[in-house]
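**Student:** Before I ask anything, here is the structure I am working with.
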Amino acid sequence: MPFRRAATLFAVAAAWAFQALAGSPGVAAPAVAADGTTNTAVVFAYDRFGEDQTPSISIRIDQFEAHLDELQDGDYQVLPLPRILEALRSGTPLPDRTVAITIDEASRSAFREAWPRLKAAGLPFTLFVATDAVDRGSPAHMTWAEVRQLAAAGVTLGGLGASTQSLVSRPAEEVKAELRRMADRLQAETGKRPTLFAYPQGEVSSALRTIVTEQGFAAAFGQQSGVLHPQADRATLPRFVMNESFGSVDRFRLAANALPLPVTDLTPDDPLLTVNPPSIGFTVSDEIGDIARLACFAAGQGRTALERVTEDRVEVRIRDPFPPGRTRVNCTLPAPDGRWRWLGMQFVVPE
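Going letter by letter, the sequence shown gives residues -22 to -1, 1 to 329 in mature numbering (1 follows the signal peptide of the UniProt record, and there is no 0).
Printed below as a string of structure tokens:
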């Protein structure tokens, strides 16, 4: 089943489950201090804007404007991504409903459509640049002058590899060379070497994670849904992806209000699957409390069966093998005030 079709079925199943569970009181432990601070943040990932021919990676302009209206009218704090990461590292409290905005690839539409709207709204963001397309003067991408213009205006720059192609199946030395080429080009053109990285297409493996860490990146982001928190692996941090198919303001609001579902001992430990269907398991942090209403959803399969191995250890029973390509499993738990704790996993099934 193609990834977009599987993702659509997954979204329908997840939406049905949210409706079925809604209206019952939350049972998770409080996540917000009495002074209104927390130690979590939601990161959104965009790519292209208003490019109707690529709906899987593009957001409609009216959808994006609705997101910006929600951020400005709601009780959110949009902060620069480096500031959020430093707060999580140092233990400095963050305002509740802290949000960061990221854009991948440095497309022309990001400069033409997103940048003026973000600037007018006064909202900071991070741009993960794919340097090869900029170097070759692709008409679908920014120029280096435009990238420098954003950097001069305070936009944080990170790297997305030199190309936008997945890195998981390529030889280690080839990956290292591409990451060095990307970082060298950003430093040469902007004067700063990137310390933040986004995995192309969100695809990561244990081997790739190790290479990215060894290359000196302070944090790296995937495309699995979830919420930043101090115990999260800084080499595979989550983001909520926004595109035309999954860009409604209701989904955006749901994600912007999400809370983390911290876990340990997650299996499989490598997102590049060698066993399909995978044996998924995790131990939920003691701070969460009762997990009786935990629910998990697999792409193309809907709600999955769960087995409580111990009081806090859960195994997710995936019914059928996943098709080749990217696939996801999301687990949610209702929290107070109509919010949801969220754990997302993205796997790669080899061809």
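Every residue, glycine too, gets a C-beta built ideally from N, C-alpha and C.
Please report the straight-line C-alpha distance between Gln324 and Asn308, rounded to a whole angstrom.
**Tutor:** For Gln324 and Asn308, the distance between alpha carbons rounds to 9 Å.
**Student:** What separation, rounded to the nearest whole angstrom, lies between the Cα atoms of Ala283 and Ser85?
**Tutor:** Cα-Cα distance, rounded: 41 Å.
**Student:** Within 10 angstroms of the Cβ of Val190, are there 16 or more other Cβ atoms? Answer buried if so, exposed if not.
**Tutor:** Buried, by the Cβ-count rule.
**Student:** In the structure shown, what three-state DSSP assignment does Ala176 receive?
**Tutor:** Strand.
**Student:** What is the DSSP secondary structure of Pro73, reduced to helix, strand or coil?
**Tutor:** Looking at Pro73 - three-state DSSP - the assignment turns out to be strand.
**Student:** Thinking C-alpha only, which one of Val146, Arg90, Leu145, Ala65 is nearest Ala78?
**Tutor:** For Ala78, the nearest C-alpha among the options comes from Ala65.
**Student:** Taking 7 Å as the limit between beta carbons, can you name the residues of its chain near Gly169, skipping five residues before and five after?
**Tutor:** Closer than 7 Å at Cβ, skipping near neighbours: no residue.
**Student:** Along the chain, where does the beta strand (DSSP E) that runs through Leu321 open and close?
**Tutor:** Taken as a continuous stretch (DSSP letters only), the beta strand (DSSP E) holding Leu321 covers 318 to 327.
**Student:** What did DSSP end up calling Cys309 once you bin it into helix, strand or coil?
**Tutor:** It is a strand residue.
**Student:** Say whether the segment 135 to 145 touches the segment 87 to 99, bearing in mind that this needs 3 or more beta-carbon pairs closer than 8 Å, one atom from each stretch.
**Tutor:** The segment 135 to 145 is not in contact with the segment 87 to 99.
**Student:** Return the chain-ordered list of same chain residues with a C-beta closer than 6 Å to the C-beta of Ala(-6), the five sequence neighbours on each side being excluded.
**Tutor:** Confidence in Ala(-6) is poor, its pLDDT being 40 and thus under 50, which makes the residue's placement unreliable; the coordinate value appears in the next sentence. If we look at Ala(-6) and ignore the five residues flanking it on each side, its Cβ neighbours are Ala273, Arg281.
**Student:** Could you have a look at Thr252 and say whether DSSP puts it in helix, strand or coil?
**Tutor:** Here Thr252 sits in coil by DSSP.
**Student:** Would Gly136 and Thr104 qualify as a contact pair, given that the criterion is a beta-carbon distance under 7 Å?
**Tutor:** It is a contact, given that the beta carbons lie within the stated cut-off.
**Student:** Under the DSSP definition of a beta bridge, which residues are partnered with Ser36?
**Tutor:** Answer is Arg26.
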